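Numbering (our numbering), first residue to last: 14 to 867.
Take a look at the structure below.
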């Protein structure tokens with residue numbers, strides 16, 4: 014660290030810099046070598062200083078809460094704490110002047126142009142190989158070089174539509190390219206989210222510093238994809254992602270929503286007669302452009318990788334036929350190889366007749382004899398990495414290896430030198446990091462992006478900075494390091510606001526929600542509705558049970574506790590207590606067991622149900638409004654934090670259940686008031702209505718078929734669970750009786766909590782689902798729901814209230830069991846007709862027991 018660096022007294026932000034010390038022998042972004050502020054920070058620091066550390070901390074905590082509520086996460090495979098981690102953003106942006114960014118942009122435009130030319134040659138005439146400018150093993154040994162894509166028809170010879178570059182400064186302050194990412198570059202969505210959070214946290218500072226906007230970059234991306242589509246009238250563009258287990262699934266959903274593209278997975282698409290189609294409820298819709306985030310080799314199980322389930326069989330041939338535009342083109346990852354870096358200056362002179370404007374980190378490919386000798390002699394000050402992504406191991410720093418490890422690595426390199434490259438160690442510059450109410454130093458590196466624009470490229474005016482307090486080299490991943498920063502490029506003049514909306518006056522055709530919802534999305538929405546309702550119904554029964562346990566009338570209400578516990582046992586698949594005892598020790602044991610039913614994440618508890626519901630919502634978050642997502646995300650986070658303790662105290666349980674029920678009611682209200690009445694809303698509500706009806710019939714059957722001696726307290730509990738106490742009292746000013754209760758909770762079509770209300774809604778939904786024009790008779794699902802609806806209207810609640818000779822309400826039991834089974838069959842029929850379109854995929858060479866090949 015540089016000792017005794019003192020910030021100048023001429024600005025209001027000097028108090029924030031007390032104790033800030035940049036790293037020694039490293040370029041510092043904030044302070045020059047004499048301790049004065051660099052030019053780009055001279056306006057920012059006084060503005061920040063006017064806020065003061067207390068106000069900054071308050072705003073920052075508010076911004077972190079927004080990040081959590083928005084569910085900004087990234088997934089970590091193999092993480093024992095779970096797949097999803099919260100996104101970390103620092104409160105202090107990284108500032109760069111326009112003049113410096115102009116030099117970076119010029120270098121990145123040249124680099125993207127060069128890499129596109131290299132791809133066009135490698136998959137075309139291969140002059141680079143024929144003239145000896147590239148060693149053949151760098152191409153043909155690369156797993157990213159896809160032979161089926163040789164001579165593939167690529168529109169306008171444009172292979173790269175979007176590329177990313179990882180940048181870091183050396184000790185002198187010069188920017189170096191550390192790595193290129195051309196397959197399906199990640200990070201642009203996170204950069205956009207960072208910008209939205211920071212511009213809301215520091216709106217005045219953001220405006221006064223004249224920060225370049227990021228929206229122009231995304232507008233260019235959308236316009237480029239549109240203009241390069243074969244169908245120019247109204248091209249359909251989709252974003253193809255690996256699915257919710259992808260490390261960057263949040264970004265996939267975020268970008269698809271921001272750009273207005275449907276987020277799809279491989280199973281949502283199909284190839285018919287060399288055309289790519291989106292499978293929807295209403296049939297097949299042609300797809301013209303695919304912005305892909307799936308690895309090259311996983312895009313097509315037919316020609317590229319036979320065991321892939323992320324891609325679309327036949328996609329390569331559809332692209333070869335020119336019927337679909339892929340951005341980026343298949344096989345573009347071959348130029349990500351670090352082994353290509355030493356050859357780039359020669360390739361730039363060959364293609365562009367220019368020298369590289371932005372240098373790369375010094376790199377040695379060990380397949381070259383002289384380079385191998387240099388690497389072995391200087392091993393301790395280099396970083397060694399595989400020549401190809403996903404190759405032999407990960408990057409290692411020679412200085413961090415023990416002597417025996419060092420020799421082991423050298424032997425490994427000598428054995429297969431072509432598989433390894435070595436690079437200078439670059440730790441990046443230092444920059445201020447907000448920590449503990451003041452600024453501390455951290456290492457920083459930048460990832461920024463280039464997008465095709467006409468015959469050239471355009472660079473994002475900003476990017477994603479990764480930070481680390483460790484001196485180890487920052488990972489080249491967009492998710493590397495210990496957190497992120499927003500990158501502010503300061504303009505020399507006023508900045509215009511940019512919107513992705515079409516300019517005023519642009520002709521637009523009116524549209525309504527149709528049956529263009531992908532079947533997979535309909536399936537997930539259907540099950541999200543079921544999970545939401547299952548959680549709410551269980552929470553209502555639990556709340557009623559706990560209320561009776563904790564009230565002063567617990568002893569007199571004990572007659573209803575047994576049936577309530579049986580309801581919970583059936584709803585949550587837990588064993589019910591064989592005999593209920595009101596002794597002190599028994600009640601303590603019961604309270605502890607109920608606490609586990611709420612919080613134990615390893616069981617089918619409320620916390621477990623909430624986790625399942627949140628996972629279902631995550632898969633369709635691009636289809637939910639931001640407010641709806643925030644409700645479910647906050648609810649899931651609260652219950653997950655409660656679930657860290659396997660037993661929950663009873664005093665905390667009731668407030669938690671009250672908040673849970675209110676949040677779920679808010680989500681249902683958002684669906685009722687905010688979702689257009691298209692297929693998405695219909696399948697979400699189908700799931701809700703189906704689950705509510707099934708739960709209501711379960712509750713009535715468990716409670717009433719074998720009644721306790723005193724049913725009044727049980728009737729009160731049932732009305733409370735069904736949120737119908739006030740309605741019953743307004744209608745019947747007498748004592749509680751079963752026939753009117755059954756009418757209210759079972760057959761009353763005006764009560765939103767009754768079974769009949771749910772079935773009537775189901776009938777409307779089923780009738781509105783798309784049916785074959787050739788279908789003259791009712792479909793199986795229409796017949797099922799019509800029969801249930803009719804039987805509910807014909808039901809005699811007085812007859813079903815009577816006890817048989819064994820003291821049981823067998824007529825009621827038969828009625829509820831029959832129609833519960835019918836609703837389960839209805840669920841299966843809906844899934845079979847609308848939500849399942851193919852059986853499990855098999856490889857073409859799968860061997861069957863008969864010994865034949867399929």
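Glycine included, C-beta positions come from ideal geometry on N, C-alpha and C.
Computed from a prediction, not measured in an experiment: that's the story for all the values here.
Where do the ends of the alpha helix (DSSP H) carrying residue i lie?
| i | result |
| --- | --- |
| residue 361 | 357-364 |
| residue 626 | 619-632 |
| residue 382 | 382-390 |
| residue 753 | 751-755 |
What three-state label does DSSP hand residue i in the structure shown?
| i | result |
| --- | --- |
| residue 212 | helix |
| residue 426 | helix |
| residue 40 | coil |
| residue 33 | coil |
| residue 157 | coil |
| residue 6 | One cannot answer for residue 6 here, as it falls past the ends of the chain, which runs 14 to 867. |
| residue 206 | helix |
| residue 309 | helix |
| residue 794 | helix |
| residue 327 | coil |
| residue 254 | coil |
| residue 27 | helix |
| residue 399 | strand |
| residue 342 | coil |
| residue 239 | helix |
| residue 483 | coil |
| residue 847 | helix |
| residue 20 | Confidence at residue 20 is low in this model, with a pLDDT of 43, below 50, so its placement is unreliable and the value that follows should be read with caution. Looking at residue 20 - three-state DSSP - the assignment turns out to be coil, as it is neither helix nor strand. |
| residue 102 | strand |
| residue 462 | strand |
Tell me the rounded alpha-carbon separation between residue i and residue j.
| i | j | result |
| --- | --- | --- |
| residue 29 | residue 43 | 12 Å |
| residue 956 | residue 837 | Since the first residue shown for the chain is 14 and the last is 867, residue 956 is missing from the structure and cannot be characterised. |
| residue 491 | residue 308 | The pLDDT assigned to residue 491 is 46, lower than 50, so where the model puts this residue is not dependable; a value taken from the coordinates is nonetheless given after this. Near 16 Å, if we compare the C-alpha coordinates of residue 308 and residue 491. |
| residue 338 | residue 332 | 7 Å |
| residue 676 | residue 508 | 41 Å |
| residue 411 | residue 101 | 30 Å |
| residue 409 | residue 244 | 48 Å |
| residue 764 | residue 742 | 14 Å |
| residue 142 | residue 358 | 16 Å |
| residue 230 | residue 502 | 13 Å |
| residue 328 | residue 286 | 11 Å |
| residue 116 | residue 306 | 29 Å |
| residue 132 | residue 266 | 29 Å |
| residue 552 | residue 612 | 12 Å |
| residue 614 | residue 833 | 28 Å |
| residue 607 | residue 550 | 16 Å |
| residue 239 | residue 76 | 35 Å |
| residue 563 | residue 672 | 18 Å |
| residue 126 | residue 200 | 21 Å |
| residue 690 | residue 696 | 10 Å |
| residue 542 | residue 649 | 15 Å |
Please tell me whether, using a cut-off of 8 Å, the distance from the CB of residue i to the nearest non-hydrogen atom of the ligand GDP is below it.
| i | result |
| --- | --- |
| residue 464 | Within the structure as shown, the ligand GDP is missing, as the structure has no ligands at all. |
Could you give the C-beta distance for residue i and residue j, rounded to a whole number, given that I count them as a contact under 8 Å?
| i | j | result |
| --- | --- | --- |
| residue 755 | residue 794 | Incorrect: roughly 27 Å between the Cβ atoms, too far for contact. |
| residue 271 | residue 205 | 7 Å |
| residue 301 | residue 292 | Their Cβ separation, rounded to whole angstroms, is 16 Å, which puts residue 301 and residue 292 out of contact at 8 Å. |
| residue 36 | residue 497 | Their Cβ separation, rounded to whole angstroms, is 19 Å, which puts residue 36 and residue 497 out of contact at 8 Å. |
| residue 609 | residue 616 | 7 Å |
| residue 499 | residue 211 | 4 Å |
| residue 247 | residue 288 | Rounded, the Cβ-Cβ distance is 16 Å, inconsistent with contact. |
What residue range is occupied by the uninterrupted beta strand (DSSP E) comprising residue i?
| i | result |
| --- | --- |
| residue 179 | 175-182 |
For the pair the segment 188-207 and the segment 333-351, tell me if three or more CB-CB distances fall below 8 Å.
yes
Contact between the segment 708-719 and the segment 789-805 (3+ Cβ pairs under 8 Å)
no
Touch check for the segment 272-291 and the segment 235-254: three-plus C-beta pairs under 8 Å?
Counting Cβ pairs under 8 Å, three or more are found: they touch.
Touch check for the segment 534-543 and the segment 692-712: three-plus C-beta pairs under 8 Å?
yes
Counting Cβ pairs closer than 8 Å, one from the segment 170-186 and one from the segment 453-467, do we hit at least three?
yes
Touch test, the segment 135-146 against the segment 156-167, Cβ-Cβ under 8 Å, three pairs minimum
Judged by Cβ distances under 8 Å, the segment 135-146 makes contact with the segment 156-167, as three or more pairs qualify.
Is the segment 545-559 touching the segment 727-741 in the sense that three or more CB pairs, one from each, lie closer than 8 Å?
yes
Could you check whether the segment 368-388 touches the segment 424-441, counting it as contact only if at least three pairs of C-beta atoms, one from each stretch, sit closer than 8 Å?
yes
Validate contact between the segment 215-231 and the segment 390-401 using beta carbons, cut 8 Å, 3 pairs
Contact fails between the segment 215-231 and the segment 390-401, because fewer than three Cβ pairs, one in each stretch, are under 8 Å apart.
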